[in-house]
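Encoded as structure tokens, the structure appears first; notes follow it.
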Amino acid sequence: MLTMAPQRTTPTGWTLRAVASAHVVAIVGQPVFAGVYLTGDFDSLRWHAIGADVVTSIGYLQLIVAIVAWIRLRQVWPFLATTAVVAAETVQYFAGLDGALWLHIPLGVMTVVALVVLFIAVWSRPLPRREVRNA
Ligand code: HEM
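Numbering (the numbering used here), first residue to last: 166 to 300.
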């Protein structure tokens, strides 16, 4: 009888999940700090600025892990999705420093949503090494 081997998530897949999880936790704090700041607690802007450094650092770390996943798992989608999120976060960072809230607030909301979708994507399917099929 022919049985298919179960598709197991590899250590690279687990690393990607761990980094994406830390990333989503960090970014969810950003609108919270911003909201507290906008209600008059000016100290929260400092936390928002620290959060910005944490979020973008984890983003670049996730980019490295996604490149490793692309090479080891032969799956490019985590790299493409992470690149889009990291690009948005980089624009977001400079829009925040510039005080360009017309861009910073809508892009911030979209970036949080995109990262939550990416988080769901890495957790909702196994991340095995894709086999190369010879014709
Ligand atoms: C929904 C999400 C977000 C909202 C609503 C938000 C809102 C704000 C607000 C109201 C400010 C103050 C701007 C000013 O006073 O001129 C600000 C500053 C800033 N934000 Fe955000 N933000 C969000 C997400 C992010 C993210 C994800 C990052 C980083 C990737 C970020 C990075 C910054 C930076 C670097 C500043 C400047 C801080 C400073 O002046 O020291 N923000 N943001």
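Just so it is clear, CB atoms sit at the ideal spot from N, CA and C, and this is done for glycine as well.
Within 8 Å, do at least three Cβ pairs link the region 210-223 to the region 234-247? They do not touch, by the three-pair rule.
Please list the terminal residues of the continuous alpha helix (DSSP H) segment that includes Q227. S209 to L238
So what does DSSP say about E254, is it helix, strand or coil? helix
Distance check for P176 and W288, CA to CA, integer angstroms please. 14 Å
What residue range is occupied by the uninterrupted alpha helix (DSSP H) comprising T177? P176 to L203
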